[in-house]
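What follows is a short report on a single structure.
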Amino acid sequence: MTPHSTTHLSAEAFDDILIGMGSREAEDHLAECATCRNKLDAFREDMSLFNEASLGWTRAKMAQPRAVSRRQPFFVPSPVLGLGALAMLLIMLGLPTVHRPNAGGMPHAPTVSDSSGSAEQIAADNQLMKDVDAAINPDEASVVDQYHLMESPKSH
Amino acid sequence: MAASTIDALAMACTPLPAVESALSGRRAAISELDDIDALEKKHGARLRRFVTYSTGDPDLAETVAQDTLLRAYKGRENFRGDCSVSTWLTGIAINITREHLRSVRFKFWRQVRTTAVDVDEMASFIPSDAVSPERQLLAKERVKNLYKTLEELSPNQRTIFLMKFSEELSVDEISKILGMGANTVRTHLHRALKAIRARLGVEI
Numbered sequence: 059m060t061p062h063s064t065t066h067l068s069a070e071a072f073d074d075i076l077i078g079m080g081s082r083e084a085e086d087h088l089a090e091c092a093t094c095r096n097k098l099d100a101f102r103e104d105m106s107l108f109n110e111a112s113l114g115w116t117r118a119k120m121a122q123p124r125a126v127s128r129r130q131p132f133f134v135p136s137p138v139l140g141l142g143a144l145a146m147l148l149i150m151l152g153l154p155t156v157h158r159p160n161a162g163g164m165p166h167a168p169t170v171s172d173s174s175g176s177a178e179q180i181a182a183d184n185q186l187m188k189d190v191d192a193a194i195n196p197d198e199a200s201v202v203d204q205y206h207l208m209e210s211p212k213s214h
Numbered sequence: 054m055a056a057s058t059i060d061a062l063a064m065a066c067t068p069l070p071a072v073e074s075a076l077s078g079r080r081a082a083i084s085e086l087d088d089i090d091a092l093e094k095k096h097g098a099r100l101r102r103f104v105t106y107s108t109g110d111p112d113l114a115e116t117v118a119q120d121t122l123l124r125a126y127k128g129r130e131n132f133r134g135d136c137s138v139s140t141w142l143t144g145i146a147i148n149i150t151r152e153h154l155r156s157v158r159f160k161f162w163r164q165v166r167t168t169a170v171d172v173d174e175m176a177s178f179i180p181s182d183a184v185s186p187e188r189q190l191l192a193k194e195r196v197k198n199l200y201k202t203l204e205e206l207s208p209n210q211r212t213i214f215l216m217k218f219s220e221e222l223s224v225d226e227i228s229k230i231l232g233m234g235a236n237t238v239r240t241h242l243h244r245a246l247k248a249i250r251a252r253l254g255v256e257i
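Sequence lines, in order, name chains A and B.
Residue numbering for the first sequence follows this note's numbering, starting at 59 and increasing by one per position.
Residue numbering for the second sequence follows this note's numbering, starting at 54 and increasing by one per position.
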């Protein structure tokens, strides 16, 4: 407290100054009162340290992948080899579906549920997705609800 | 980004009093926007920091920063020069972040990739010459507490707080970029500061 002031700035007055809308009286008091000035400086110093540390951390993170990408890769696949590998992958994924025995039933188009397991598993997965969705953003409408993903599939 | 969005962001910039000043600012800024590598070098880290600490997701920050610079570069003719390039980029970054947060794909990947800010690691980046060694530990604790408080704020409060105290934008600039009333911005700032005061025990 200074000889010129009897009371220090209120919390609201400090906030107004920090936000940039401090009153003339508050600014005048600040100019006179070392105690209030120190409090304000303490916050500004914290913010300055946070800004410098967060920027330093971000720059370090940015540098990491670049350092890796500058390395000479151990193996550089050619486009032809890449296409070949993709074709092999597609064949491997497609074979079990093509050769799956269908015991006398009507041939049916492949659907998501064909490869997803039992109805119980699907229901459990849907519930998990709903929980995760709600946890990520509780204020937003669940995508699961929005698109009725939990509804039981209609029988054909 | 659609041209209309970029136009809206351009309109959000705070007008300068002199038209000539704005024109010369635009010329300099367009020159700056012509070099995407220079943009990355000058603004990349700052954009990543803003999105990282606004969303708590460094992976998202990387994506948003790249998209922001690319969209700014492609839409550089729409930049009117009546605000800084930095402010313009921040506005674009906010819009792209919103787009990502709305997308289902983001939510899916967010549950798969659970990277987060390592607050201890971040605090270790406090410049050693900024404070005395005796105060270094105390400073780290304060920075960590500040980050933890930011995490507890609502997304709007956190974003607005960072725009004000990290990006150093004015209330009017924040208001225009976010399409939010100036009084609402102030309210968010007051609440954020109150939460920080309570957490840090700062006598402000």
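Heads up, the beta-carbon is just placed ideally off N, CA and C, and yes, glycines get one too.
Applying a beta-carbon distance threshold of less than 9 Å, which residues of chain A neighbour residue i?
| i | result |
| --- | --- |
| H243/B | E70, D73, D74, I77 |
| P180/B | L107, E110, A111, G114 |
| V224/B | I77, G78, M79 |
| L199/B | D104, M105, L107, F108 |
Could you pull out every residue in the same chain whose Cβ sits closer than 6 Å to the Cβ of residue i, ignoring the five residues on either side in sequence?
| i | result |
| --- | --- |
| R99/B | none |
| A245/B | L206, Q210, F214 |
| A114/B | R101, V104, T105 |
| V117/B | V104, A146, I149, T150 |
| L190/B | none |
Could you list which residues in chain A have their beta carbon closer than 7 Å to that of residue i, in chain order?
| i | result |
| --- | --- |
| M175/B | A111, S112, W115 |
| T105/B | T116 |
| A192/B | L107 |
| P186/B | Result: empty, since nearest Cβ-Cβ is about 14 Å, beyond 7 Å. |
| S219/B | N109 |
| A98/B | L113, T116, R117, M120 |
Would DSSP call residue i helix, strand or coil?
| i | result |
| --- | --- |
| I179/B | coil |
| M233/B | coil |
| T240/B | helix |
| M79/A | coil |
| F132/B | coil |
| E174/B | helix |
| E187/B | helix |
| E220/B | coil |
| T121/B | helix |
| L206/B | coil |
Please state whether the Cβ-Cβ distance between residue i and residue j is less than 8 Å.
| i | j | result |
| --- | --- | --- |
| L253/B | L215/B | no |
| T143/B | I230/B | yes |
| S137/B | H96/B | no |
| A248/B | T202/B | yes |
| I179/B | L107/A | yes |
| L88/A | L98/A | yes |
| S107/B | T240/B | no |
| A221/A | G80/A | This structure does not reach residue 221/A, given that chain A is present from 59 up to 214, and the question cannot be answered. |
| E174/B | W115/A | yes |
Judging by CA-CA distance, which residue of the options is the nearest neighbour of residue i?
| i | options | result |
| --- | --- | --- |
| V172/B | A91/B, S84/B, R133/B, D110/B | D110/B |
| R101/B | I149/B, S84/B, L86/B, D135/B | I149/B |
| V238/B | D112/B, Y126/B, L122/B, Q210/B | Q210/B |
| A192/B | H87/A, N109/A, A89/A | N109/A |
| F218/B | I77/A, A71/A, L67/A, H87/A | I77/A |
| R195/B | A71/A, S68/A, M105/A, R95/A | M105/A |
| R133/B | G232/B, S84/B, E152/B, A91/B | S84/B |
| A121/A | G128/B, S181/B, E93/B, R129/B | E93/B |
Residues of chain B with CB closer than 7 Å to the CB of residue i, please, in chain order.
| i | result |
| --- | --- |
| L88/A | Within chain B, no residue comes near L88/A; the closest Cβ sits about 12 Å away, beyond 7 Å. |
Which residues in the same chain as residue i place their Cβ atom closer than 8 Å to its Cβ, once the five residues preceding and following it in sequence are excluded?
| i | result |
| --- | --- |
| E85/A | I75 |
| H153/B | L113, T116, V117, F159 |
Tell me which same chain residues have a C-beta within less than 7 Å of the C-beta of residue i, skipping the five on either side of it?
| i | result |
| --- | --- |
| T121/B | L100, L142, I145, A146, I149 |
| R95/A | L88 |
Along chain B, in chain order, which residues have C-beta atoms closer than 8 Å to that of residue i?
| i | result |
| --- | --- |
| D99/A | Here the premise fails: no neighbours, minimum Cβ distance about 10 Å. |
### Task
Can you give me, in chain order, the residues of the region 121-133 of chain B that have a beta carbon less than 7 Å from any beta carbon in chain E?
Absent here is chain E; the protein component of the structure consists of chains A and B.
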